[in-house]
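Data block below; observations after.
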Amino acid sequence: MNPPPTSYTEFHPRWYRSPVSAYWWLRSGTYLAFILREISSVFVAWAVVYLLLLVRAVSRGSGGYRDFLDLSANPGILFLNLVTLFFLAFHAVTWFNLAPQAMVVHAGGKRVPGVWIAASNYTMWAVATVVVVWIILG
Amino acid sequence: MQKRTTLEPFVWLLFSAGGVLAALVLPAFVFLFGLAFPLGWLSAPSHEHLLAVLRHPVTRVGLFLVCTLALIHAAHRLRYTLYDGLQIKHLYEVVNPICYGAAVVGSAAAAYLLFVAL
């Protein structure tokens, strides 16, 4: 049997929403940390752009690579990269600290404690950092 | 009940993958090329060495994944930051194409640079 046809109306009750200031994230340290964590995305994007600039420079020969190294010594770029490194570290730390909540791992019928998951993430970070440095420095 | 199909869960998956890769790889890269080499803490590698490293197939594929996923991660996160931080959720028709569009353009640039230009 077909269900009876449903009719919809455009009307819905007006919601009550108390107005929130556009600066709500300045109200407490927790909110500020949250918005800083979210803003780290801009610096993740810049790090990718910077990486691609390096790839482009290397593909253009040793002169292009030298130009990239000169660009990286520009005070404005240096400052931008300093801020970027801060936000990347903030992203990594908040990401790895959240990992135990996102990943529920069971071993031997018991839940693996969150500390272990966070610790394994930090270990992975250390290993990845050593590998990247080792590859780049040769 | 009609099931709503949406790309959202898939994008969250890419968001997570990009978040992990960005956290693992990008700090070391920015530390070296952003601070350590220009400030003279370490000497920058030679052009020949970097070219050899970048031309290795594993590096090309690995860096392509890092670039693409990290850009999707950033686009997705920035989209929600703009929604909440500036309270402009009603502008999603503008915000979404700009955020994801930039990620797609960046990924295309990464593909060109890593697989064609190098």
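Listed in order, the protein sequences are those of chains H and D.
Just so you know, the first sequence maps onto residues 1022 to 1159 in our numbering.
Just so you know, the second sequence maps onto residues 1164 to 1281 in our numbering.
Note that the Cβ used here is the ideal one computed from N, Cα and C, for glycine as well.
If you're wondering where the values come from, they're calculated on a predicted model, not measured in any experiment.
Item, Value
"Cα-Cα separation, residue 1216 (chain D) to residue 1188 (chain D)", "15 Å"
"In DSSP terms, what residue 1272 (chain D) is bridged to", "Note: residue 1272 (chain D) sits in no beta bridge, so no partner."
"Cβ-Cβ distance between residue 1147 (chain H) and residue 1121 (chain H) below 8 Å", "no"
"Pair within 8 Å by beta-carbon distance, residue 1192 (chain D) and residue 1072 (chain H)", "yes"
"Minimum C-alpha distance to residue 1075 (chain H) - residue among D:1210, D:1221, D:1220", "D:1210"
"Neighbour-count burial assignment, residue 1102 (chain H), 16 or more Cβ in a 10 Å radius", "buried"
"Test item: CB-CB of residue 1059 (chain H) and residue 1242 (chain D) under 8 Å", "no"
"Three CB pairs or more closer than 8 Å across the segment 1273–1281 of chain D and the segment 1074–1088 of chain H", "yes"
"Residues that residue 1132 (chain H) bridges to, as DSSP identifies them", "H:1127"
"Residue environment, residue 1027 (chain H), which counts as buried when at least 16 other CB atoms sit within 10 Å", "exposed"
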